[in-house]
Amino acid sequence: MSDHRDDATLIRDYLRGDREALGGLYDRHAPAVFGYLRKRFGPEEAEDVLQETFLQAADALRRYTHRDRLRPWLLTLARSRALDRVRKRARLREGPWGEDKEEAVPRREPSPLEREVGRETGRKIESAVAGLPLHQREIFLMREEAGLSFREISLALGIPLNTALSHMRRALIALRVALADLEETLD
Amino acid sequence: MECETAARIALLRESGEASSEEAASLEEHLSACARCREEAEVFREILSQYRSFRTQAPPPAAVRVELLAHRPPSRAGTKKILRLASTALATAAVLLIAFAAILGPRTLPLLPAFPEEEFQRLIGPGDPSDDILALVKADLEAADESLGSLETVRLAPEEIFRRLDLPLELIDAFADELEELKLQESPDPWESLG
Chain A
398 MSDHRDDATL
408 IRDYLRGDRE
418 ALGGLYDRHA
428 PAVFGYLRKR
438 FGPEEAEDVL
448 QETFLQAADA
458 LRRYTHRDRL
468 RPWLLTLARS
478 RALDRVRKRA
488 RLREGPWGED
498 KEEAVPRREP
508 SPLEREVGRE
518 TGRKIESAVA
528 GLPLHQREIF
538 LMREEAGLSF
548 REISLALGIP
558 LNTALSHMRR
568 ALIALRVALA
578 DLEETLD
Chain B
16 MECETAARIA
26 LLRESGEASS
36 EEAASLEEHL
46 SACARCREEA
56 EVFREILSQY
66 RSFRTQAPPP
76 AAVRVELLAH
86 RPPSRAGTKK
96 ILRLASTALA
106 TAAVLLIAFA
116 AILGPRTLPL
126 LPAFPEEEFQ
136 RLIGPGDPSD
146 DILALVKADL
156 EAADESLGSL
166 ETVRLAPEEI
176 FRRLDLPLEL
186 IDAFADELEE
196 LKLQESPDPW
206 ESLG
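Those protein sequences? They're chains A and B, same order as listed. If you use the working numbering, the first sequence corresponds to residues 398 to 584, in order. If you use the working numbering, the second sequence corresponds to residues 16 to 209, in order.
Right, dumping it as structure tokens:
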């Protein structure tokens, strides 16, 4: 059963000793964070980073002041932890977008829908997203997987709103080209 | 409205962030600009396809179990908090008693507000018992510098616990310990007067 308390109430209740309130926060936000991590960094990293993120958040909630913006904060934590792991693994210098020259396209398991009906379409669309330039993919996944608004994305990444919007538009233009190729292939 | 602006507002409208004025301006532009109209339609279709065909996996249940079993470091040592806090505040209580003795019997003045800026400067990300120590130490130092001025001792235990967001029910347990420590450690105020 989903918890109907809002985030601020769940945080307050957790800090007063209600551990199920923390479970409520997890149930509400983990799907979005996990979805972003899977597509952005790959399924192998996603589970570990998800756990580290929520454990860190649980420890830091007492100091957290922006209680109406919990999800962008969680995404920022998750991204930071994932990039730390990438840096340790790759030992490459990174810019603000966490560029990793050896970053692989995340692998994924095909869904039953893809297997039965739209196998080729689903694979192509997700491959097209995985092939986007890093900063476009970052914005796209924060919007489509994590469900952040563009203002929240701007806050989470510390970039101007117009920059986030421009990157999203370029991502959609790139996907348009990739999917046009797909339509030609299927025709 | 330029096409670049229209494209940005179209995205904001799709995410529910555009104001009604922005949405109206966008509609006006789209009614006159076939290129932007076509782009908006294509983007809607792309997002629709992605949302229909993307794979989704639920977050692992094991992570939830670990999370609920986790004990944050700040909550792990209630007894330690009580011990350290009560020692620090017992020292403050001893000083108060000593000042009262030096100045003669008098009613303790109401404590003026502890400046928020200084409060925030003193507390840190670690164990709240460290915060309590830092706050009391700062107060004691201020009291020390202006010996005899009770107005400089600014923090009552309730205020400390409230400002650090610690459960107030700990204060009762703390008050008992403090009372015991005061009895054990505080000097007879009349002895110092000879």
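Just so it is clear, CB atoms sit at the ideal spot from N, CA and C, and this is done for glycine as well. Because the structure is a prediction, the values reported are computed rather than measured.
Tell me whether the beta-carbon of residue i lies closer than 8 Å to the beta-carbon of residue j.
| i | j | result |
| --- | --- | --- |
| Leu-569 of chain A | Ile-522 of chain A | no |
| Thr-543 of chain A | Tyr-433 of chain A | Here residue 543 of chain A is Ala; the residue named in the question, Thr, does not match the sequence. In this structure, Tyr-433 of chain A lies closer than 8 Å to Ala-543 of chain A by Cβ. |
| Ala-418 of chain A | Asp-410 of chain A | yes |
| Gly-414 of chain A | Arg-79 of chain B | no |
| Ala-33 of chain B | Arg-566 of chain A | no |
| Ile-408 of chain A | Leu-458 of chain A | yes |
| Ala-25 of chain B | Ala-72 of chain B | no |
| Arg-416 of chain A | Arg-534 of chain A | no |
| Ala-553 of chain A | Met-539 of chain A | yes |
| Phe-68 of chain B | Thr-518 of chain A | yes |
| Glu-549 of chain A | Tyr-65 of chain B | no |
| Glu-37 of chain B | Leu-27 of chain B | yes |
Cα-Cα, which of the options is closest to residue i?
| i | options | result |
| --- | --- | --- |
| Glu-60 of chain B | B:Glu-19, B:Glu-29, B:Ile-24 and B:Pro-75 | B:Glu-29 |
| Leu-471 of chain A | A:Glu-449, A:Ser-524, A:His-401 and A:Thr-518 | A:Glu-449 |
| Leu-545 of chain A | A:Leu-562, A:Thr-518 and A:Leu-531 | A:Leu-562 |
| Asp-403 of chain A | A:Leu-467, A:His-564, A:Lys-436 and A:Val-430 | A:Leu-467 |
| Ala-475 of chain A | A:Ala-443, A:Arg-486, A:Thr-462 and A:Arg-459 | A:Ala-443 |
| Ala-84 of chain B | A:Phe-451, A:Pro-557 and A:Ile-550 | A:Phe-451 |
| Leu-82 of chain B | A:Leu-554, A:His-564, A:Ser-399 and A:Val-446 | A:Val-446 |
| Ser-40 of chain B | B:Ala-77, B:Met-16, B:Glu-53 and B:Tyr-65 | B:Met-16 |
| Val-574 of chain A | A:Glu-549, A:Ile-550 and A:Leu-529 | A:Leu-529 |
| Thr-70 of chain B | A:Pro-440, A:Ala-455 and A:Arg-460 | A:Pro-440 |
| Ala-77 of chain B | A:Phe-547, A:Ala-427 and A:Ala-527 | A:Ala-427 |
| Gly-31 of chain B | A:Phe-547, A:His-564, A:Pro-557 and A:Leu-558 | A:Phe-547 |
| His-44 of chain B | B:Pro-74, B:Thr-20, B:Arg-86 and B:Pro-75 | B:Thr-20 |
| Cys-18 of chain B | B:Cys-51, B:Ala-47 and B:Glu-42 | B:Cys-51 |
| Ala-527 of chain A | A:Ser-399, A:Leu-412 and A:Arg-435 | A:Arg-435 |
| Leu-480 of chain A | A:Arg-460, A:Leu-531 and A:Arg-520 | A:Leu-531 |
| Ala-455 of chain A | B:Glu-53, B:Cys-48, B:Ser-46 and B:Arg-86 | B:Arg-86 |
| Tyr-461 of chain A | A:Leu-412, A:Asp-400 and A:Ser-551 | A:Leu-412 |
| Gly-555 of chain A | A:Val-483, A:Val-430, A:Arg-486 and A:Thr-473 | A:Thr-473 |
| Pro-74 of chain B | A:Gln-453, A:His-564 and A:Val-430 | A:Val-430 |
Starting from residue i, find everything on chain A with Cβ-Cβ shorter than 7 Å and list it in chain order.
| i | result |
| --- | --- |
| Ala-22 of chain B | Arg-566 |
With a cut-off of 8 Å, does the C-beta of residue i fall near any C-beta of chain C?
| i | result |
| --- | --- |
| Arg-466 of chain A | Reference to chain C is not applicable here, since the protein chains of this structure are A and B. |
Residue i versus chain B: which residues are under 9 Å apart at the beta carbon?
| i | result |
| --- | --- |
| Tyr-423 of chain A | Pro-74, Val-78, Arg-79, Leu-82 and Leu-83 |
| Glu-523 of chain A | Tyr-65, Phe-68, Arg-69 and Thr-70 |
| Glu-541 of chain A | Leu-62, Tyr-65, Arg-66 and Arg-69 |
What residues of chain A sit near residue i, judged by a beta carbon separation below 8 Å?
| i | result |
| --- | --- |
| Arg-50 of chain B | Within chain A, no residue comes near Arg-50 of chain B; the closest Cβ sits about 13 Å away, beyond 8 Å. |
| Leu-45 of chain B | Result: empty, since nearest Cβ-Cβ is about 15 Å, beyond 8 Å. |
Going along chain B in order, which residues have a C-beta closer than 8 Å to the C-beta of residue i?
| i | result |
| --- | --- |
| Phe-451 of chain A | Val-78 and Leu-82 |
| Phe-547 of chain A | Leu-26, Leu-27, Ser-30 and Glu-32 |
| Ala-427 of chain A | Pro-74, Val-78 and Arg-79 |
| Leu-554 of chain A | None at all; the shortest Cβ gap to chain B is about 15 Å. |
| Gly-528 of chain A | What Gly-528 of chain A touches in chain B: nothing, since even the nearest Cβ is about 14 Å away. |
| Leu-576 of chain A | Ile-61 and Gln-64 |
In the DSSP assignment, find the alpha helix (DSSP H) that holds residue i and state where it starts and stops.
| i | result |
| --- | --- |
| Gly-432 of chain A | 416 to 438 |
| Met-16 of chain B | Careful: Met-16 of chain B lies outside any alpha helix (DSSP H) and carries neither H nor E. |
| Ala-405 of chain A | 404 to 412 |
| Ser-35 of chain B | 35 to 47 |
| Arg-534 of chain A | 531 to 541 |
| Leu-552 of chain A | 547 to 554 |
| Glu-81 of chain B | 76 to 84 |
CB of residue i to nearest heavy atom of the ligand GDP: below 7 Å?
| i | result |
| --- | --- |
| Leu-531 of chain A | This structure lacks the ligand GDP, and indeed carries no ligand of any kind. |
Whose Cβ in chain B lies nearer than 7 Å to the Cβ of residue i?
| i | result |
| --- | --- |
| Gly-439 of chain A | Neighbours of Gly-439 of chain A on chain B: none; closest Cβ ~12 Å, over 7 Å. |
| Leu-419 of chain A | Leu-82 and Leu-83 |
| Arg-573 of chain A | Val-57 and Ile-61 |
| Arg-416 of chain A | Leu-83 |
| Gly-432 of chain A | Gln-71 |
| Leu-472 of chain A | Correct list: empty, because the minimum Cβ distance to chain B is about 14 Å. |
| Gln-448 of chain A | Val-78 and Glu-81 |
| Arg-435 of chain A | Ala-72 |
| Leu-569 of chain A | Phe-58 and Ile-61 |
| Thr-518 of chain A | Phe-68 |
| Glu-535 of chain A | Residues of chain B passing the Cβ test: none, with the nearest at roughly 15 Å. |
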